[in-house]
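The C-terminal position of the sequence shown is numbered 183 in this note's numbering, with every residue numbered one higher than the one before it. Each residue gets a CB set at the ideal place from its N, CA and C atoms; glycine is no exception. From a predicted model like this one, the values you see are computed outputs, not experimental measurements. First comes the structure, then the notes that go with it.
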Amino acid sequence: MARDLRKLFKEEQKAERFVMNEGHEKRFKDLLRKELPQQKKSSFFILKIAASFLILVGLGTFFFLNRDTSNIKTTVVEKNPVAEMQTGISLGDLSPDLKKVESYYVTNINLELSKLNVSGDNKELVDSYLERLAELNTEYKNLNEELNRIGPNDQTITALIKNLQLRLQLLQQLKEKLNQVQSSKNEQYETNAV
-10 MARDLRKLFK
0 EEQKAERFVM
10 NEGHEKRFKD
20 LLRKELPQQK
30 KSSFFILKIA
40 ASFLILVGLG
50 TFFFLNRDTS
60 NIKTTVVEKN
70 PVAEMQTGIS
80 LGDLSPDLKK
90 VESYYVTNIN
100 LELSKLNVSG
110 DNKELVDSYL
120 ERLAELNTEY
130 KNLNEELNRI
140 GPNDQTITAL
150 IKNLQLRLQL
160 LQQLKEKLNQ
170 VQSSKNEQYE
180 TNAV
């Protein structure tokens, strides 16, 4: 019984080799051609594609025009008070480095303001932070007036930069508070659902 399997398989392959008659393959292909119908080439293929395209465009237009616009969130952002000053010098006019610093903070402040998600639930919280921002904005204007009246000095420049930093920090705190409120609502919802 201890025969080599490889030899056994080779012997079996030699024994089972079938030889086809000449022309067998040609006759088989002819029979297939007779039995299987010829595929008709559709001349309407392009029209089908065009009709599908028109249907998709029509559906897209329908849904775009009939979407619910009542849920659109609007956020009102005050204009940048630094850009409104037309007379005198501002922090950015003193040096290119200070212009970069001022531009950085003002851009980030505006970005954070635009990201605020105000709803009926958090409106009171957001309003309290925006009131504090308005106070800081007024202080910034006063510091700019002082800069124009007295001239540039280290104290005024530092106070202007600190004001911008404080406004940005205040907005980041507001964002964290809103996230905490939202996560606590989500946790409360999950515990009620369970």
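query                                                                              : result
Reduced DSSP category for V107 - H, G, I as helix; E, B as strand; rest coil       : coil
CA-to-CA distance, E14 to K3, given in whole angstroms                             : 22 Å
Backbone CA spacing between E0 and M9 [nearest angstrom]                           : 20 Å
Distance CB(N97)-CB(L157) smaller than 7 Å                                         : yes
Best match in L132, T145, N131 and D116 for proximity to K164 [C-alpha to C-alpha] : D116
Opening and closing residue of the alpha helix (DSSP H) in which I78 lies          : Here I78 belongs to no alpha helix (DSSP H), and DSSP marks it neither H nor E.
First through last residue of the alpha helix (DSSP H) which encompasses L12       : The question names Leu, yet the displayed sequence has Gly at residue 12. Segment: none, G12 is in no alpha helix (DSSP H) and carries neither H nor E.
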